[in-house]
Amino acid sequence: MKLAYWMYAGPAHIGTLRIASSFKNVHAIMHAPLGDDYFNVMRSMLERERDFTPVTTSVVDRNVLARGSQEKVVDNITRKDREERPDLIVLTPTCTSSILQEDLQNFVERAQLDAQGDVLLADVNHYRFNELQAADRTLHQIVRYYLQKARKHDQLPAGKTEQPSVNLIGSTTLGFHNQHDCTELKRLMADLGIQVNAAIPAGATVSELRQLPRAWFNLVPYRELGLATAQYLEQEFGTPYVDVTPMGVVETARCLRRIQQVLNAQGAAVNYEDYIDHQTRHVSQAAWFSRSIDCQNLTGKKAVVFGDNTHAAAMTKILAREMGIRVVLAGTYCKYDADWFREQVSEYCDEILISEDNGEIGDAIARLEPAAIFGTQMERHVGKRLNIPCGVIAAPIHIQNFPIGYRPFLGYEGTNQIADLVYNSFTLGMEDHLLEIFGGHDTKEAITTSISADSDLNWTREAQAELNKVPGFVRGKVKRNTEKFARDRGFSEISLEVMYAAKEAVGA
Amino acid sequence: MTATTEPATLNFECETGNYHTFCPISCVAWLYQKIEDSFFLVIGTKTCGYFLQNAMGVMIFAEPRYAMAELEEADIAAKLNDYDELKRLCLQIKRDRNPSVIVWIGTCTTEIIKMDLEGLAPQLEAEIGIPIVVARANGLDYAFTQGEDTVLAAMAQRCPRPAEVKEEEKAERNAIQKLLSFGRQSDANAAEPEVKAVDHPPFVLFGSLPDPVVTNLTLELKKQGIQVSGWLPAKRYTELPVLDEGYYVAGVNPFLSRTATTLMRRRKCKLIGAPFPIGPDGTRAWIEKICTVFGIEPQGLAEREAQIWANLEDYLQLIRGKSVFFMGDNLLEISLARFLVRCGMTVPEIGIPYMDKRYQKAELDLLTRTCQEMAVPLPRIVEKPDNYNQIQRIQELQPDLVITGMAHANPLEARGISTKWSVEFTFAQIHGFTNARDILELVTRPLRRNAALEGLGWDKLVQTEATI
């Protein structure tokens, strides 16, 4: 038993449901007690989904406990098959069915006899896998099922597409900014003259899956989801894959160069160097941003990064390599894939933390006192408590992390978004800090009736010059505080001495 | 020949039980806040934890006094000793938080692997010196608010008997009374004359309500000369009310049937079966019934109710003649439907997870009577509804408002059907005369919003009408 307040990755069935509900016309039936269909609420709320979430429950209650599910699961599958005519029904086990040990595979086989659509049992064990692993496995399982089926019926298309083409693998519902990332990747591919053969699972139908082998290569942008499918496709059809996450300027370029290599190996004769150069220097603002004085001010500032493998690793590299920020700690909650993370970030950070324990991460942040955190919603709350700003870069996430506006993290537009995120986090922290030095946000007593602090007090030239050195956004505040101090003590002129005295008094 | 009239009895149906609701473990979220010295330990899996973490949203960041005892594979396979494991965790909780009570919430998993929580608790309680209350609030047996029912039923067993309470402690336990009479002495002379307390047997109310509502309802009864001698649950576990044979008890919420049963059978209390104090009509009927039992002539209730209704007129104008469909998920449905019928709405269907016709008898009678008086058809009451079938019926009936869970709210809105999220009724203050306005604030919100957006022509926002 483990005492737990918070968890980073959800239970296995959530992963399966994310895959099932990403496809079009695929229905998931959970074998679960009442109340376990909370997934529907999350999808409906977080994604503001207009359609009913295609997930229902075959309810496990006392009767099932006493006598077994018997006909119930089979009836529920065939009923759903009749009602909604899905292409595929995925029977999804939960923690409850894991211990009941009913022969769900047998139910699936029996239901398949009556059902028009296909029926599959998701091969995930609650006690062995988490949400991310389960999603990866389920996607692989569905792809394998439909390719084997196509092969059996001799429906596999022969050969590759005429033009270079790609399958984008791994964009799902409830994925962090997945929808925007997918759009950005499609734009990127269009720029490169690469046809998108398929994008799975989000928005795809299962009948499209048999077209997967026609692509020249597969692109797997996220470490956690899609790799098993890409490896399977390589093994079965020799389709190479690119698993470099195009997040950040350097990594996007690396990803494009890998694509170039993979395509040229198949005789495409493409050269993306000009494109990369043009994008980097003129289209994306991130490279210019890292040269600008804004970013100069961030040099050597301390940051902590924590999240899933993909986003935490990419973010660490961006901060350290592209912005000159010192990453004092980089961490991931993907314990099962910790070696990869270590290898990715070890040269870019002081310390690595692999943990699923929110308390441990909170303690590390408190100890290190970074100027900013890049983490999940949980780190954002740690930051709130410690007064450290936080940019959210990975799930678990809240509704505000499903923006309506276009906010990719991948590709060249993604680099712009990340630059904003980083810069805004740090300036907020800086502003906060300055405000504290100069006496807080709220003036307890009004000095004048108007908000502007025009007054009859004279500032000496030196004091005025000193005042002008104060950053613009807090200058008015400093001016007001100083003048208030001077008035309270009956000074008619504000000299440097008065100014310092005011600062000390306010600070005291 | 007799005139053809609507059937005078309610029509009960039962469907497949395939509906969306919250897991009953969600009750920890409001109970840990209510019982300030408690700690709730949910013994379950990642699934339970994930639900709590997401359903309770920001609350979880406020250092909640609840946690998961997350079962791992070794626990399931009995490779680890349950007693030792629970002892380890409870000692840690004792060290970190030092609560006055630890409530163990049994889940589906502890049911299936038959972990004997009731057996382990007394042993561990003796060993660590903190009371351990066991409530089996699992999704195999219960829905949403019934979780509170299982916790309160278990707590009812812990209420002290008069002999067990020392004199000085008694004053402490009567904190509510003390609070209410605080500063009263001087007021009483100046303002209205104090209502003389009637001599009646000790009377305890059960159901967890926010403190302002507790004060409010207690005062309403005090105006009739009725003394509330305790409330289950109290603000602190150490203040649980004294219960003894012959005490009178009354429920404030419709989902507390197990608690009522426990109080009657195990504690030999007398249950006052009344409608629930939801809406001004319900509140009046609730007080009247309690008065009747104690042989009191209720004072000024009719005027009080009329006054409340008059104040609601602006909201009533918005909903009169409109129809409302309850999909059913929190057991407040009968009371809310009864109130809304009195407001002038029609109710084609009341979905409800579980219908205790004995515990809710007075409420059901009031619903029937209200429908007759308002001359509207009696609703069909669908126990264990089937959400899929309900959505077909909603498409057919096109009700003006659907009260439903969040899983269906957005999809229905996208199809031009106004919805109100049912969970809000559980967390909002809806009891007593004073809070009637809050209920209508919730009910009318989608209607007011839609009125504000009217004329934009954006009411249907799905491209092709899906089959479901």
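Sequences listed follow chains D and P, in order. First residue of the first sequence? That's 1 in my numbering, and the numbers climb one at a time after it. First residue of the second sequence? That's 1001 in my numbering, and the numbers climb one at a time after it. Cβ atoms here follow ideal geometry from the backbone N, Cα and C, with glycine treated the same way. Keep in mind that this is a model prediction, so the values were computed, not measured.
Chain D has a Cβ within less than 9 Å of the Cβ of D1141(P). At a cut-off of 9 Å between beta-carbon atoms, G1017(P) makes contact with chain D. For L1232(P), the beta-bridge partners assigned by DSSP are F1206(P).
Per the coordinates, the alpha-carbon of L1401(P) lies some 22 Å from the alpha-carbon of E1015(P).
A residue is called buried when at least 16 other Cβ atoms come within 10 angstroms of its Cβ; L113(D) does not meet this threshold and is exposed. Going by beta carbons, K1270(P) and Y1247(P) fall inside the 9 Å limit. Using beta-carbon distances, K1046(P) counts as an interface residue toward chain D, with a partner under 9 Å. Taking C-beta atoms under 8 Å as the contact rule, Y1354(P) and Q1146(P) qualify, at a distance of about 7 Å. Ranked by Cα distance from T1110(P), the first of C1048(P), E1441(P), T1368(P), A1436(P) is C1048(P).
Here DSSP, grouped into helix, strand and coil, assigns P11(D) to strand. Sequence-distant partners of M1115(P) (beyond 5 residues in either direction) whose C-beta falls short of 6 Å from its own C-beta, in its chain, are D1082.
Taking a C-beta cut-off of 9 Å against chain D, the contacting residues of the region 1017-1036 of chain P are G1017, N1018, Y1019, H1020, T1021, F1022, C1023, P1024, I1025, S1026, listed in chain order.
Listed in chain order, the positions of the region 1454-1465 of chain P with a beta carbon within less than 7 Å of a beta carbon of chain D are L1461, V1462.
Contact between I1334(P) and Q1299(P) is ruled out by a C-beta separation of about 28 Å, above the 8 Å threshold. By the C-beta density criterion, L1456(P) is exposed, having fewer than 16 other C-beta atoms within 10 angstroms. Taking 9 Å as the threshold, the shortest C-beta distance from Y5(D) to chain P falls below it. Contact check between the region 1138-1155 of chain P and the region 1197-1204 of chain P: fewer than three CB pairs, one atom from each, fall below 8 Å, which does not count as touching. By the CB criterion at 9 Å, E251(D) and A330(D) fall outside the cutoff.
The beta-carbon of G10(D) is placed less than 9 Å from the nearest beta-carbon of chain P. For the pair F485(D) and A505(D), the CB atoms are nearer than the 9 Å cut-off.
By the criterion of at least three beta-carbon pairs nearer than 8 Å, the region 232-239 of chain D is not in contact with the region 281-293 of chain D.
According to the DSSP secondary-structure assignment, C349(D) is paired through a beta bridge with V327(D).
Interface annotation, D61(D): in contact with chain P, CB-CB separation under 9 Å.
The beta carbon of E47(D) sits closer than 7 Å to the beta carbons of T173, L174, F402 from its chain, once the five residues preceding and following it are set aside; these are given in chain order. For A1121(P), there are no C-beta contacts with chain D under 9 Å, since the nearest C-beta of that chain is about 15 Å from it.
For K1235(P), the CB contacts under 8 Å within the same chain, skipping 5 residues up- and downstream, are K1034, I1035, E1036, A1175, D1211 in chain order. D118(D): member of the beta strand (DSSP E) spanning 118-121, first to last residue.
With fewer than 16 other beta carbons inside 10 angstroms of its own, D350(D) counts as exposed.
Two segments are said to touch when three or more pairs of C-beta atoms, one from each, lie closer than 8 Å; by this definition the region 113-123 of chain D touches the region 75-83 of chain D. If you look at F107(D), you'll find it in the alpha helix (DSSP H) that goes 104-114. Think of a sphere of 8 Å around the beta carbon of H1431(P): no beta carbon from chain D falls inside it, the nearest being about 25 Å out. When secondary structure is reduced to three states using DSSP, K1196(P) falls in the coil class, being assigned neither helix nor strand. About 7 Å separates the CB atoms of Y222(D) and T245(D); that is less than 8 Å, so the two are in contact. Here Q377(D) carries a helix assignment [DSSP, helix/strand/coil].
Interface annotation, M1056(P): not in contact with chain D, CB-CB separation never under 9 Å. A straight line joining the alpha-carbon of L1263(P) with that of A1436(P) spans about 29 Å.
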